[in-house]
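Each position in the sequence shown, counted from 1, maps to that position plus 9 in the numbering used here.
Every residue, glycine too, gets a C-beta built ideally from N, C-alpha and C.
In this text the structure is predicted, and so the values were computed from the model without any measurement.
Report on one structure; see the data block that follows.
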Amino acid sequence: MLSNAQLFFESVVHTDHRLCGLRLKPLCLLHLLWLEQVGSPLLSSDERVTLRDLELAAAICSSSTSEEITKRLARTAYVWHWLNSFRNIRNEAKAWIAYFNDFFAVPELMQQDGGSASKLPWLSLCLASVVKETGWDAERVLRLPVGLVVWLNLSFGYLNSGETSVVSDRERQAMALLRDMGGEG
């Protein structure tokens, strides 16, 4: 179990990643928006992942702008797919997981009992928070690594209200101990 300090480090310090032969850019809000738009099962652990899903993710996450993503998606060639068919899909899936975990190491949040869920997508709330607090334009924030955006969003909330829904390292350890003892946790 990583501490919150280790998770923060993981969200801002990265290694190079490749998927289906393409060098990936830092996973950012823009990439997540596109992956959600194409219905990528890589964002949900419930669905079976295919080579085509990994290729779409590679095309999206190796791009920096929506225009670049659109061009890459339009020209995902048969030859590239044929070359990728020789790749080990398990290794490519592991490469995706390593990439995602490298950029999306965010803290665990407390469960909000009886709280009302936002009617807005959480990505838009993170984007709006960072834009509001920094004055940066939305395009700049959309290209920031997603883990950093989440950490900034949570930190701004804490600085503005003194409260946070982040589970502390001590609370996480206590919940794990309760689970191990057969309690609720």
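Within the same chain, show all residues whose beta-carbon is closer than 6 Å to that of residue i, passing over the 5 residues directly before and after it, in chain order.
i	result
L52	L44
S174	L118, M119
D178	S12, N13
Between the Cα of residue i and the Cα atoms of the options, which residue gives the shortest distance?
i	options	result
T74	L153, L136, F95, V21	L153
S133	T59, G144, N162	N162
L11	P116, V21, P130	P116
K103	H26, D55, R188, F18	H26
E19	W160, V47, E56	W160
V22	Y108, L82, E76, G30	Y108
V88	S71, A185, E64	E64
L60	N97, T24, N169	N97
R99	V58, Q15, S71, E142	V58
F165	R188, R84, T143, V176	T143
To which residues of the same chain is residue i closer than 8 Å at the C-beta, ignoring the five residues directly before and after it?
i	result
D146	V140
D210	The shown model of the chain, from 10 to 194, leaves out residue 210, and the question about it has no answer.
S71	L28, L31, R32, L33, K34, R81
I136	Just to set this straight, residue 136 is Leu in the shown sequence, not Ile. Around L136: L38, A147, V150, L151, V158.
By Cβ distance, which residues of its chain are closer than 7 Å to residue i, with the 5 residues on each side in sequence left out?
i	result
V155	L36, C37, L38, L41, F112, F113
A66	L28, L44, S49, L51, W105
Y167	T173
For residue i, which of helix, strand or coil comes out of DSSP?
i	result
R57	coil
T42	It is worth fixing the name first, because residue 42 is Leu in this sequence and not Thr. Here L42 sits in helix by DSSP.
L36	coil
L52	helix
L118	strand
L11	coil
L187	helix
L129	coil
Express the C-alpha separation of residue j and residue i in angstroms, rounding to a whole number.
i	j	result
W105	M190	34 Å
V47	T79	12 Å
E56	E148	31 Å
S94	L28	13 Å
E101	G30	9 Å
R81	H90	13 Å
S138	L92	42 Å
I69	F17	25 Å
V176	P130	22 Å
Q182	E77	44 Å
N110	R188	24 Å
Does any C-beta atom of chain B lie closer than 7 Å to the C-beta of residue i?
i	result
L186	Absent from the structure is chain B; it holds one protein chain and no more.
Which whole runs of the alpha helix (DSSP H) in the stretch 59-111 are 4 residues long or more, in chain order? 60-70, 75-83, 87-93
Scan the stretch 132-184 and note each continuous beta strand (DSSP E) run of 3 residues or more that stays entirely inside, going in chain order. none
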